[in-house]
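Engineer: Structure below; questions to follow.
In this note's numbering, the protein residues as written are 3 to 90.
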């Protein structure tokens, strides 16, 4: 998620410098990730609201991250990326 947020930040700054205002950066972020691979795997993936990170457990701990993740996954799948997620 940190990589996605970093890419989003860079893209938003690029759009601002180009005079494009507050254009949605997620399509470009998803496109760049899709160019790097066609399968995205999450092991022990959970979405929650207030749980702490446990070891290698991947968690989304706030509603804003969950909303960004939803947009990202929708865009990735629209670019043909297969998402595989496991959970207990």
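Beta carbons are placed, not taken as given, at the ideal position from N, Cα and C, and that holds for glycine.
In this structure, how does DSSP classify residue 97 when only helix, strand and coil are distinguished?
Structural biologist: Residue 97 falls outside the range modelled here, since the chain spans only 3 to 90, and no answer is possible.
Engineer: So residue 32 packs on residue 81, CB below 8 Å; how close in whole Å?
Structural biologist: About 6 Å separates the two Cβ atoms, so the contact holds.
Engineer: Give me the Cα-Cα distance between residue 42 and residue 70, rounded to the nearest whole angstrom.
Structural biologist: Looking at the two C-alpha atoms, the distance is approximately 16 Å.
Engineer: Roughly how many angstroms lie between the CA atoms of residue 83 and residue 28, to the nearest whole one?
Structural biologist: Cα to Cα, residue 83 sits roughly 15 Å from residue 28.
Engineer: Tell whether a beta-carbon distance below 8 Å holds between residue 67 and residue 3.
Structural biologist: It is a contact, given that the beta carbons lie within the stated cut-off.
Engineer: Identify, in the order they occur along the chain, each residue of the same chain with its Cβ nearer than 7 Å to the Cβ of residue 78, setting aside the five sequence neighbours on each side.
Structural biologist: Same-chain partners within the cutoff: 32, 35, 36, 42, 85.
Engineer: For residue 3, which three-state DSSP category applies?
Structural biologist: Note: residue 3 maps to coil in three-state DSSP.
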